[in-house]
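Note sheet for the following structure.
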Amino acid sequence: MQSPSRPLLSRLARSRRWLAGGLRRQRVDYVYSERYQVDLPGVDALRGERIVCFLEEAGLLGRRALHRPDLAALRDLRRVHTDGYLESLSRHDALLQAFGLELPDYAVERVLAAQRAMVGGTMLATRLALAGGGIAVNLGGGLHHAFAGRGERFCLFNDIAVAIAELRADGFAGQVLIVDLDLHDDDGTRSLFAADPTVFTFSVHNRSATAAAAQAAIAIELGGGVGDQRYLEVLHSELPRLFARARPDVVYYLAGCDPAADDTLGDWQISSPAMLERDRLVLRCARGGLRELPLVIVLAGGYGPRSWRYSARFLSTLRGRLPGRARPVEPPSTSEVTLTRYRRLARELHATGMAPGRVLSDATAKTPRAGEDWSGWGLTAEDVHAALGGPLRPQRLLGRYTRQDLELILERGGLLERLRQLGFAHPTLELELDNPAGETVCLFGDSTRRDKLLELRLRIDRRTLPGATLLGIEWLLLQNPRAHFTLTRPRLPGQEHPGLGMLRDVMSLLVVACERLQLDGLIWVPARYSVAVQGKRSLHFLRPADEELFGALNRAIAGLSLSAAALAIEEGRVVDAATGRPFSWPPMPMVEPVSPELRARLAAAVAERAAGAAAAPAFRLVES
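Each residue of the sequence shown is one higher than the one before, starting from 54 at the first, in this note's numbering.
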């Protein structure tokens, strides 16, 4: 009897594999810790958490699929890094070489803990991927610029190398492949495995940081300004041959997002579809053949507030029976996922009985519920004032939130920790609720009140839109008095100090407050063009005519940076094209509709304006 042909055997093998594994949903594990959240220049501290939030809200995070890592032990780090280097990290200038700046002791400890947690995350992801023969994702890591005896470019410990060293210590003798598609050279990782033929490193990057040779390595330098066609041509040509040559038993993929066109530090122009095609190509090479290799994915580089969306889009395709082939779920904007994050926090606080402003009903006002611990007799400051005949002073912001409530929200939301990382070790919150100009929240760097970080003044507005109750922002200040303006972050009109980078968080918290208080939305009247631009991330102009005016203004100053555009308006160099008169910023209310009724009302106003709109205004820029 004639033997079956090799192609037929191959087809039969693929069919058996599909029947055995293709009918069951492939497991994908995720590793994340809140310790990953460190504010560094250009880095989104909440990148991993935004991805977790997106996956949970989209129903893409399986039961028990999220794992929290421990910090890597010094024993693990010593397998890769020298004792002298590890000892040097205890000095006050420990991060100077790797970060290019000195950090206070508190920040140094925080950064060290964060990166040790990420190393622990890659170690845990490796164990998970090997145990199940599947995919494990560390929502951090990819610290590929760390060498044995030094750290560079924000990388202190090489997490991939430490994870592989642990594998070897546990007896794993297989071949390892590291696919590094971060924008930058994998110089640290390549140097650590230069003499090890069992670990193959592959990197496609903009510029090579070192020409040092390695026994099993391919380093491809493409230069700056690379676009989709060139990038994908290289990857489609090289990756299949790489996997055939390396014949790995486990694969590490550094899925850096810094090649993307909108990356704030990158110099390539890779589009979102091309980034996804890149990721799926790696997945097909690792998991699409007869051997479904254990795959460990780490985030690696990605800078700016939108970098998380590339990772989230790719990870959304890992669901189902054939990971990587599902249609991607489009992630929301960063503003939307920030709002979702704070909504989740509000639900968690409510579910644990710690909801902001929790008030006992009349039926339970005098008798504690079972298991409830009451401190004192249930008397409040308002009760005491009333009993003594004094004026009733408000004790809750907007009639609901005590200072402790607000502190809890800021602490659980991670905002106070972010302030500590900026050097404000003891953030102090104060309320001024009897201010005629509006209820005021102030946040200082410490109890001396020397450094004011936040000042927020609010009021309930029932006049601007008849029939709607709005939360009015009378004043909002966010600043870092210890920071300095730079060429890349210049002073904007009206600024005394640089901002804190927390406007999106504050606006999200206010939207959640509107939802909890059943208000129709937020209203804010920006005092300057630059403030309106920042507010546009989440708010819209109340009047359609103002939206048109703002659009015309932007067309006149197109191509200018925000600081240059704001200065041109302040100096009167933006003029009416018809009259030549300088443009002066008028009061233009902005709103964030929260209730369905207000959203429908504003949408109807926009449609009505569009139906009978007059010609939009026109402006031109006058050179100085």
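Ideal Cβ placement from N, Cα and C applies to all residues, glycine included.
Note that the structure is predicted; figures quoted are calculated from it, not measured.
Give me, in chain order, the residues of the same chain whose beta-carbon lies closer than 7 Å to that of residue i; leave out the 5 immediate sequence neighbours on both sides.
i: residue 659; result: 597
i: residue 317; result: 95, 356, 357
i: residue 281; result: 323, 324, 327
i: residue 556; result: 531, 587
i: residue 261; result: 238, 272, 274
i: residue 610; result: 618, 621, 627, 674
i: residue 217; result: 229, 252
i: residue 147; result: 141, 161
i: residue 159; result: 473, 478
i: residue 657; result: none
i: residue 661; result: none
i: residue 456; result: 482, 484
Since residue i is in the alpha helix (DSSP H), which residue starts that stretch and which ends it?
i: residue 714; result: With the chain covering only 54 through 677, there is no way to say anything about residue 714.
i: residue 292; result: 281-299
i: residue 583; result: 582-588
i: residue 138; result: 136-141
i: residue 464; result: 456-465
i: residue 636; result: Per DSSP, residue 636 belongs to no alpha helix (DSSP H) and is neither H nor E.
i: residue 170; result: 158-185
i: residue 335; result: 325-340
i: residue 151; result: 149-152
i: residue 473; result: 468-474
i: residue 344; result: That residue, residue 344, is in no alpha helix (DSSP H); it is neither H nor E in DSSP.
i: residue 674; result: Taken as a continuous stretch (DSSP letters only), residue 674 belongs to no alpha helix (DSSP H), being part of the beta strand (DSSP E) at 672-674.
i: residue 97; result: That residue, residue 97, is in no alpha helix (DSSP H); it is neither H nor E in DSSP.
i: residue 503; result: Residue 503 -> no alpha helix (DSSP H), and no H or E assigned at all.
i: residue 129; result: 127-131
To which residues of the same chain is residue i closer than 6 Å at the C-beta, ignoring the five residues directly before and after it?
i: residue 252; result: 229, 246
i: residue 172; result: 125, 210, 212, 215
i: residue 418; result: Summary for residue 418: the model assigns pLDDT 32, below 50, so the residue's position carries little reliability; its value from the coordinates is reported in the next sentence. Answer for residue 418: no residue qualifies.
i: residue 579; result: 585, 588
i: residue 164; result: 91
Which residues mark the beginning and the end of the beta strand (DSSP E) in which residue i is found?
i: residue 495; result: 492-497
i: residue 483; result: 481-485
i: residue 555; result: Careful: residue 555 lies outside any beta strand (DSSP E) and carries neither H nor E.
i: residue 305; result: 303-307
i: residue 384; result: No beta strand (DSSP E) contains residue 384, which DSSP labels as neither H nor E.
i: residue 313; result: Note, residue 313: premise wrong, no beta strand (DSSP E); not H, not E.
i: residue 575; result: 574-577
i: residue 256; result: 252-258
i: residue 645; result: 643-646
i: residue 82; result: 81-84
i: residue 270; result: 270-274
i: residue 488; result: Run containing residue 488: none; DSSP gives neither H nor E here.
Grab me the residues of residue i's own chain with a C-beta within less than 8 Å of its C-beta, minus the 5 sequence neighbours each way, in chain order.
i: residue 470; result: 90, 464
i: residue 330; result: 285
i: residue 130; result: 139, 169, 172, 210, 215
i: residue 389; result: none
i: residue 176; result: 122, 125, 129, 212, 215, 216, 219
i: residue 527; result: 490, 491, 510, 511, 512
i: residue 634; result: 628
i: residue 367; result: 308, 328, 329, 332, 333, 381
i: residue 500; result: 479, 481
i: residue 606; result: 582, 622, 627, 636, 672
Since residue i contacts residue j with CB under 8 Å, what's their CB separation in whole angstroms?
i: residue 364; j: residue 308; result: 6 Å
i: residue 288; j: residue 259; result: The pair is not a contact, with the Cβ atoms about 15 Å apart (cut-off 8 Å).
i: residue 601; j: residue 669; result: 5 Å
i: residue 100; j: residue 361; result: 5 Å
i: residue 491; j: residue 512; result: 4 Å
i: residue 311; j: residue 319; result: 4 Å
i: residue 227; j: residue 303; result: 6 Å
Taking 7 Å as the cut-off, is the beta-carbon of residue i closer than that to any non-hydrogen atom of the ligand MG?
i: residue 488; result: Of ligands this structure carries none, so the ligand MG is not represented either.
Can you check the region 193-237 for any beta strand (DSSP E) of at least 3 residues that lies completely inside it and give the ranges in chain order? 229-233
Which runs of the beta strand (DSSP E), 3 residues or longer, sit entirely within the region 511-546? 523-531
Under 8 Å: do the region 482-502 and the region 539-558 share three or more Cβ pairs, one atom per stretch? no
Say whether the region 338-345 touches the region 266-283, bearing in mind that this needs 3 or more beta-carbon pairs closer than 8 Å, one atom from each stretch. no
If contact is defined by three or more beta carbon pairs under 8 Å, each pair taking one atom from either stretch, is the region 116-131 in contact with the region 80-91? yes
Any contact between the region 263-277 and the region 191-210? By contact I mean 3 or more CB pairs, one from each, below 8 Å. no
Are three or more beta carbon pairs between the region 563-573 and the region 446-464 nearer than 8 Å? yes
May I have a chain-ordered list of the alpha helix (DSSP H) segments no shorter than 4 residues that lie completely inside the region 599-627? The region 599-627 contains these whole alpha helix (DSSP H) runs: 615-623.
Three or more C-beta pairs closer than 8 Å, one from the region 512-528 and one from the region 571-580: is that the case here? yes
At 4 residues or longer, what runs of the alpha helix (DSSP H) sit wholly inside the region 346-378? 360-368
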